[in-house]
Every structure is written in structure tokens, then in C-alpha cells.
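Numbers in our numbering are just positions in the sequence shown, counted from 1, shifted up by 398.
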Amino acid sequence: MWAAAQASASMGSSEGTWRQTGRTSDEKADFVGALQVFDAALACGTADGMVRLWDLRSGQVHRSLVGHTGPVTSLQFDDVHLVTGSLDRSIRIWDLRTGSIFDAYAYDHPITSMMFDTRRIVSAAGEDVVKVYDKVDGRHWDCGAGPTGSGDAGKAASIVER
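What follows is the structure, given as C-alpha cells:
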């Protein structure tokens with residue numbers, strides 16, 4: 399279980415627990431743009447720019463991460479960090495132990511997809527290219543074209559692991 403979840407309190411029954419309808423009182427938060435599950439933990443990014451960390455055993459939100467100003471479209475976590483991408487044109491790296499922003503990167507276009515490994519953060523940022531950020535040496539570069547051709551117009555690039 400995340401250390402972040404252990405150190406924080408529930409947000410209360412009206413906002414932080416499961417509901418039979420699956421709907422929240424905030425209609426803007428109804429859109430979930432990104433999900434990841436690990437063991438009994440769930441991270442979800444929503445249209446209100448929030449990232450909520452849930453305990454699947456209790457059905458309660460243990461922490462809400464505030465920082466994005468647009469919908470969260472992608473997220474991924476490891477033991478210590480959660481990386482999120484948003485339509486606000488940023489990628490944020492969160493420290494799950496504290497719930498604070500560890501680092502952030504601004505882009506020229508909204509983030510539509512993102513993944514990371516121990517060395518790199520790779521993102522699609524609506525520019526028909528994939529952006530690569532090397533966390534070790536601090537370099538940024540573009541890595542080839544995204545979708546091409548008339549059949550792909552308006553589609554966001556996705557990152558596929560092989």
C-alpha cells in the first residue's frame with residue numbers, strides 16, 4: 399500500500415467513499431481520464447484536475463493530489479512516485495510519501511498519453527510527435543512522428559509497451 403495513503407485521512411463519506419451509483423456530486427469530476435491499480439490501491443485522474451488515491455479494501459479516498467488545472471489524461475506510478483499528464487500542458491511527478499509535487503514539466507500542447515520507466519518519461523503531446531525526457535541527464539528530445547494520414551486525423555497518439 400502507498401505510504402501516501404497511510405499518512406492521510408479520508409475525505410469523508412460524501413466525497414471519499416464508494417457510491418452505489420458510481421457518480422459524484424461534482425459533475426466535472428465524473429470524467430475519469432486515467433486509472434492504474436496496484437494491489438489494493440487505485441489512482442484515478444479526473445476532469446477537475448485532481449488525482450485521487452483510493453484504498454480498494456475500504457472504498458475510501460486516502461489522498462487527493464491537487465496541482466493540475468485541466469483534466470488528467472494519463473498517470474502511472476511506482477513505489478515512490480506518481481507521474482501524471484494533463485490537458486493543462488504539463489507533466490507532474492508526485493512524491494507518494496508526502497503527496498507533494500516533486501517536479502513538473504511544461505509542454506506546448508496538452509498531454510494525451512504518457513508512460514515512464516526508471517530513466518525516461520515519454521509523452522504524446524498533441525504535436526504528432528512523441529516527447530522523451532531523460533530524467534538522468536536532463537535531456538529532452540522528439541522521437542518520431544505520431545499518427546499520419548487522413549484516417550488518423552484528430553486521433554491522439556498512444557504509447558504501447560512491447
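Every residue, glycine too, gets a C-beta built ideally from N, C-alpha and C. On a predicted model such as this, the values are computed, not experimentally measured, just so you know.
Query: Chain-order list of residues whose beta-carbon lies under 6 Å from that of residue 452 (same chain, five-residue window excluded); Result: 440, 459
Query: The beta strand (DSSP E) enclosing residue 460, as first and last residue numbers; Result: 458 to 463
Query: Extent of the continuous beta strand (DSSP E) run through residue 429; Result: Neither: residue 429 is in no beta strand (DSSP E) and is coded neither H nor E.
Query: N- and C-terminal bounds of the beta strand (DSSP E) containing residue 471; Result: 470 to 475
Query: Supposed contact pair residue 479 and residue 491 - C-beta distance, whole angstroms, cut 8 Å; Result: 5 Å
Query: Simplified DSSP state of residue 526, which is helix, strand or coil; Result: coil
Query: Residue 443 vs residue 449 beta-carbon contact at 9 Å; Result: yes
Query: Cβ pair residue 465, residue 504 closer than 9 Å; Result: no
Query: Own chain residues within Cβ distance below 6 Å of residue 493, not counting five before or after; Result: 500
Query: Outcome for residue 461 when other beta-carbon atoms lying within 10 angstroms are tallied against a minimum of 16; Result: buried
Query: Limits of the beta strand (DSSP E) - the one that residue 486 falls within; Result: Here residue 486 belongs to no beta strand (DSSP E), and DSSP marks it neither H nor E.
Query: Residues bridged to residue 444 [DSSP beta-bridge criterion]; Result: 430
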